[in-house]
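Data block below; observations after.
Residue numbers (my numbering): 476 to 741.
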């Protein structure tokens with residue numbers, strides 16, 4: 476049996492020399508690994524390849540070359556549908572597709588089947604499991620509310636509870652603060668920061684354009700530029716003015732105070 480220290484060092488995601496082409500090269504020579512329970516931020520300008528990388532990892536794009544493995548299962552030797560069951564994606568495309576009258580508890584249950592607006596039978600066991608996730612994320616008070624009647628920030632928490640229904644090894648949050656007002660954004664970042672101490676929550680990757688959206692407890696970062704890895708490692712070492720200026724193609728000044736980052740374009 477593996478010790479806690481051994482489990483903490485287990486690679487949940489392992490990417491080697493990944494390339495993806497559409498009509499032109501989109502991702503080139505991406506190498507990246509994530510250990511169990513790590514908290515990462517994925518940064519890059521528009522067109523840097525963030526969404527393409529997430530889609531490829533989630534087995535929606537077919538790589539041109541390279542190797543990928545999730546939880547020790549390689550993409551070339553494993554059923555892609557089963558690969559997707561190890562990875563959860565929280566993105567705006569899901570949020571927009573949910574019916575306004577859908578009840579929050581049912582939205583969470585639907586994650587078990589990787590469908591939206593689930594019409595199948597919901598057993599007591601499923602409701603209990605859904606409520607466990609709902610309570611864990613502090614949104615029990617809205618469990619019986621309709622989707623249309625909850626705030627944008629609450630919707631993001633509901634989608635995260637939904638994602639956890641498949642018990643994934645890793646969760647990708649694709650720009651979860653998009654559409655949130657400044658207060659809701661601040662509250663959601665604080666919420667994500669609080670999750671970092673919960674060992675039952677799997678590895679998380681937060682994709683964003685903005686340093687201000689990085690929770691202080693997210694200790695790892697990968698920065699993309701033109702479909703390549705510009706920098707990867709500890710946030711304190713790579714989130715600096717030099718790296719971000721190159722990533723965004725303009726002079727940038729990065730500052731850090733109490734674990735929180737800010738970026739200004741000079």
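By construction, the Cβ of each residue, glycine as well, lies at the ideal position given by its N, Cα and C atoms.
Quantities reported herein were computed from a predicted structural model and do not represent experimental measurements.
I think residue i touches residue j, with their Cβ atoms under 8 Å apart; what is that distance to the nearest whole Å?
i: residue 525; j: residue 508; result: With 8 Å as the limit, residue 525 and residue 508 do not qualify as a contact, their Cβ atoms being about 17 Å apart.
i: residue 668; j: residue 643; result: That pair is no contact at about 20 Å.
i: residue 560; j: residue 641; result: 5 Å
i: residue 686; j: residue 738; result: 4 Å
i: residue 639; j: residue 563; result: 7 Å
i: residue 585; j: residue 637; result: 6 Å
i: residue 488; j: residue 545; result: 6 Å
i: residue 677; j: residue 663; result: The pair is not a contact, with the Cβ atoms about 18 Å apart (cut-off 8 Å).
Tell me whether the beta-carbon of residue i lies closer than 8 Å to the beta-carbon of residue j.
i: residue 655; j: residue 613; result: no
i: residue 679; j: residue 718; result: no
i: residue 583; j: residue 609; result: yes
i: residue 696; j: residue 518; result: yes
i: residue 558; j: residue 534; result: yes
i: residue 658; j: residue 505; result: no
i: residue 581; j: residue 597; result: yes
i: residue 674; j: residue 522; result: no
i: residue 616; j: residue 577; result: no
i: residue 516; j: residue 710; result: yes
i: residue 543; j: residue 553; result: no
Along the chain, where does the beta strand (DSSP E) containing residue i start, and where does it finish?
i: residue 542; result: 540-545
i: residue 683; result: 678-683
i: residue 514; result: 514-518
i: residue 506; result: 500-510
i: residue 648; result: 645-649
i: residue 490; result: 486-496
i: residue 700; result: 695-700
Going along the chain, which residues of its own chain have a beta-carbon closer than 6 Å to the beta-carbon of residue i, five neighbours each way excluded?
i: residue 632; result: 612, 614
i: residue 574; result: 592
i: residue 726; result: 720, 741
i: residue 671; result: 514, 692
i: residue 731; result: none
i: residue 728; result: 716, 739, 741
i: residue 648; result: 565, 681
i: residue 444; result: Limits of the chain in this structure are 476 at one end and 741 at the other, which puts residue 444 out of reach.
i: residue 734; result: 691
Among residues of its own chain, excluding the 5 on either side of residue i, which ones have a beta-carbon nearer than 7 Å to its beta-carbon?
i: residue 502; result: 493, 494, 495, 524, 527, 528, 531, 702
i: residue 570; result: 630, 634
i: residue 714; result: 686, 696, 729, 736
i: residue 555; result: 534
i: residue 694; result: 514, 709, 710
Counting along the chain, where does the alpha helix (DSSP H) carrying residue i start and finish?
i: residue 657; result: 657-670
i: residue 592; result: Neither: residue 592 is in no alpha helix (DSSP H) and is coded neither H nor E.
i: residue 629; result: 627-638
i: residue 794; result: Because the chain in this structure spans residues 476 to 741, residue 794 falls outside the shown range and cannot be described.
i: residue 572; result: 567-572
i: residue 528; result: 525-532
i: residue 581; result: 579-585
Considering only residues of the same chain and omitting the five flanking positions on each side of residue i, which have a CB-CB separation below 8 Å?
i: residue 520; result: 684, 700, 722, 723, 724
i: residue 665; result: 690
- Message: Quick check for students: name the residue ranges of the beta strand (DSSP E) that lie wholly in the region 705-738, counting only runs of 3 or more.
- Response: 727-732
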